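**Q**
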Amino acid sequence: MKISLYRKYRPDSFHEVAEQPMAVDVLKKALIRDRVAHAYLFSGPRGCGKTTLARLLAKALNCESLKDGYEPCGQCRSCLSITAGESLDVIEIDGASNNSVEEVRELKTHVSLSPFSSKWKVYIIDEVHMLSISAFNALLKTLEEPPSFVAFILATTEPFKVPATIRSRCQHIPFRRIRVGDISARLEEVADREEVPWEEGAVRELARQADGALRDALSMMEQALSLGDGALTEEAVGRLLGGGALSDLERWVASAGAESAEPFIILEEMFLKGASAQRVVEGIFLIFRNLWAWRKWGDPIIESLSISDSEAVFLKKEGPRWTPPMLSEMMLFCSRIIPQVRSGLRSDVLTGLLAARIQELWETDAEPERPAPPKKTIKPPAASESKSPPLPAVGQPEAIPRPDPVPATPENWPEFEKMLFSRDLLLYAVLADTAVSADGQTITILFPEDGAYSFEVASIERNSFSLASRAAEFFGEDVTVLIGHGEKRKKCASNGGQDDPVSVADRDIPIFSPPASMQAPEKEDEAARQERGSTDSRTAREEEEGAIPFQGLVDQVLKWGGGEVVMIKRDDRAEDMTEDPLLPED
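In our numbering, the protein residues as written are 158 to 743.
(1) Hey, is the stretch 305–312 in contact with the stretch 193–211, meaning 3+ C-beta pairs nearer than 8 Å?
(2) Which same chain residues end up closer than 7 Å to A512 when comparing Cβ atoms and leaving out the 5 residues on each side of it in sequence?
(3) Can you name, in chain order, every residue of its own chain whose Cβ lies under 6 Å from the Cβ of F445, other than the five neighbours on each side?
(4) Are the stretch 604–621 and the stretch 636–643 touching by the rule of at least three beta carbon pairs closer than 8 Å?
(5) Mapping DSSP to helix, strand and coil, what is T508?
(6) Report, in whole angstroms, the separation of the C-beta atoms of E439 and I495, which I expect to be a contact under 8 Å.
(7) Enumerate in chain order the residues of its own chain whose CB-to-CB distance from Q177 is below 6 Å, with the five nearest sequence positions on each side excluded.
(8) With H, G and I counted as helix, E and B as strand and the rest as coil, what does DSSP make of T591?
(9) Going by DSSP, what residue range makes up the beta strand (DSSP E) through L603?
(10) Can you list, in chain order, the stretches of the alpha helix (DSSP H) that have 4 or more residues and sit fully within the stretch 326–365?
(11) Using 8 Å as the cut-off, can you tell me whether the stretch 161–177 makes contact with the stretch 276–296, which would need three or more C-beta pairs spanning the two stretches below that distance?
(12) Rounded to whole angstroms, what's the CA-CA distance from K159 to E379? Just pull it up for me.
(13) Since S623 is in the alpha helix (DSSP H), which residue starts that stretch and which ends it?
(14) Let me know if F273 comes out buried or exposed under the rule of 16 or more other beta-carbons within 10 Å of its beta-carbon.
(15) Going by Cα to Cα distance, which pick from N219, E259 and E315 is closest to T240?
(16) In whole angstroms, what is the alpha-carbon distance linking V247 and E391?
(17) Thinking just about the alpha-carbon of each residue, which of D607, L603 and G608 is nearest to the one in K647?
(18) Under the three-state reduction of DSSP, which class applies to G431: helix, strand or coil?
(19) Check the C-beta distance from W451 over to G476 and give it rounded, since I have them as a contact under 8 Å.
(20) For R262, I'd like the list of residues in its chain whose CB is within less than 6 Å of its CB, leaving aside the five on either flank, ordered along the chain.
(21) Using 10 angstroms around the beta-carbon of K473, count the other beta-carbons present and answer buried if the total reaches 16, otherwise exposed.
(22) Anyone know if the C-beta pair for I330 and L198 falls short of 8 Å?
(23) If you draw a straight line from the alpha carbon of D456 to that of V470, how long is it in whole angstroms?
(24) Could you tell me which residues DSSP pairs with E249 in its beta bridges?
(25) Would you kindly report the start and end of the unbroken alpha helix (DSSP H) that includes G395?
(26) With DSSP collapsed to three states, give me the class of L162.
(27) Looking at chain C, is there any beta carbon in it that lies within less than 8 Å of the beta carbon of M287?
(28) Could you compute how far the alpha carbon of S291 sits from the alpha carbon of L429?
(29) So V394 packs on L344, CB below 8 Å; how close in whole Å?
(30) Classify K276 as helix, strand or coil using the three-state DSSP reduction.
(31) For S412 and W479, what's the separation of their Cα atoms in angstroms?
(32) Leaving out five residues before and five after A374 in sequence, what residues of the same chain have Cβ atoms less than 7 Å from its Cβ?
(33) In whole angstroms, what separates the C-alpha of E301 from that of R326?
(34) If we ignore side chains and look at the alpha-carbon of each, how far apart do D505 and E426 end up?
(35) Once DSSP output is grouped into helix, strand and coil, what is the label at D649?
Pasting the structure below:
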């Protein structure tokens with residue numbers, strides 16, 4: 158049986174390991190100084206060399222004739238047996254299928270046994286995060302104080318799932334995604350050693366699709382060679398990917414702004430061929446990111462983008478058509494829909510969203526450049542001096558006209574409460590059962606003896622500012638609002654300043670009890686219905702655009718409970734997420 162390319166060309170020495178300089182350097186120096194730790198935790202994305210380095214470390218520990226103090230010779234009996242997978246002293250365990258506490262206890266019974274034919278007994282546990290909590294607990298003591306001839310190497314793609322008690326007993330070495338350029342160089346080397354013809358565009362596309370995993374790139378290369386009859390061509394890679402290659406995405410971006418249906422048709426063709434929706438959106442995002450960077454900083458940024466010569470030519474050709482705001486808007490749009498795509502958004506829905514957004518962006522951007530029609534000055538009739546209200550801007554909620562201020566009198570207070578009921582339920586609830594007095598310029602609100610909590614809530618700066626602002630809007634800018642409980646009095650500041658304490662002896666204001674009409678209104682007035690309708694339509698529109706998850710629910714919570722949104726966090730953990738590395742990043 159033919160050996161797969163990724164197994165055939167697995168590195169046999171430390172210097173062959175691609176783009177993991179920090180991890181290689183740590184292990185090399187530990188071997189040279191004879192300071193190898195009893196336990197290591199290798200973490201990083203798939204296919205980046207974790208198991209390869211673990212095997213190389215096992216070889217170096219047991220090699221009979223090291224080169225330069227760290228490099229295994231590859232020719233001694235120990236090196237050959239480890240390479241062939243026949244060594245009894247290098248035990249590789251799959252954490253996914255051996256995750257029970259009974260299997261870990263069985264492992265513990267063999268740990269104390271001396272090596273069969275080597276200096277070290279090395280345990281390599283792959284996907285260690287799959288072990289159960291009981292299995293981790295059973296491993297703790299052995300991992301902390303193993304025999305002097307035992308070394309543990311734990312490998313995982315999700316280190317945050319490994320308990321902290323395990324991580325603290327290991328030297329944590331994080332691995333990084335391999336850059337596209339390094340993967341391309343390795344693929345070219347393998348193609349030359351296999352004596353197969355290759356095209357630069359095909360190699361670059363495989364490296365880009367591998368997403369930092371050299372093993373994945375070699376696997377796809379093997380499939381592309383089968384499709385290309387022994388040659389690595391762009392046509393074969395395109396058939397393998399089924400659409401969504403960089404050339405397809407660049408063609409779609411170049412079609413933006415066309416009056417024809419080409420942007421829609423190109424997307425449909427890509428998805429009909431089997432393109433991955435997630436890869437398409439992520440690829441489009443990267444193209445717009447590169448275009449934006451080139452528009453902002455020009456040719457000097459090209460080297461930092463790590464792109465090929467053909468990609469640089471595309472940037473210089475396509476970049477002048479786009480403005481930085483347009484590019485940043487498309488990046489923002491792609492970042493908003495990526496979580497939905499990962500959750501299984503249908504490709505036909507995605508096609509409509511992308512095609513509509515990019516066409517809308519071009520039409521909006523082109524609006525100011527259209528020649529404006531000649532303006533005609535028409536003198537309004539002398540009999541009417543009124544002006545029509547300005548139309549609301551497109552995409553903006555219609556402004557609700559403010560009512561004319563009314564005098565601050567006890568008779569007008571029920572109407573003010575109705576306004577609070579429709580616009581600020583928290584304040585409406587806090588002010589229930591209060592005694593209110595007003596003299597035209599000053600409104601005093603006194604809380605009952607058992608209303609200390611309500612008084613404290615109303616005294617919060619945000620709430621007192623909101624109360625003063627609502628009162629100024631309803632009664633006029635000159636009105637002053639005082640709130641009190643017992644001997645305490647506070648002035649609600651509507652200018653955003655701090656509340657100003659007022660002594661109880663400063664004013665002598667009569668107090669009256671609220672009439673029955675101050676109870677909660679049974680029906681909303683017309684202004685409240687208009688505002689609620691405007692808010693509901695705006696919420697529905699934002700939910701449709703996906704601006705904020707659960708926007709409608711959040712709005713309802715804020716309406717009924719008050720407060721403010723401090724942060725929106727999306728918990729999209731990538732598989733290469735690392736936590737608490739003991740070694741600094743480069």
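The beta carbon of each residue, even a glycine, is placed where N, CA and C say it ideally should be.
Only a predicted model underlies this, so the values are computations on that prediction, with no experimental measurement involved.
**A** In brief:
(1) yes
(2) P420, F421 and L424
(3) L484, M487 and M488
(4) yes
(5) helix
(6) 7 Å
(7) G206 and F332
(8) coil
(9) T599 to F604
(10) 337–351
(11) no
(12) 11 Å
(13) E618 to F632
(14) exposed
(15) N219
(16) 42 Å
(17) L603
(18) coil
(19) 5 Å
(20) A295
(21) exposed
(22) yes
(23) 11 Å
(24) I281
(25) E391 to L398
(26) helix
(27) Going by chain labels, chain C is absent from the structure shown, which holds only one protein chain.
(28) 47 Å
(29) Going by Cβ atoms, the distance from V394 to L344 rounds to 11 Å, so no, they are not a contact pair.
(30) coil
(31) 12 Å
(32) I340, L344, L363, A364 and A367
(33) 6 Å
(34) 11 Å
(35) The displayed chain sequence assigns Cys, not Asp, to residue 649. Three-state DSSP puts C649 in a strand.
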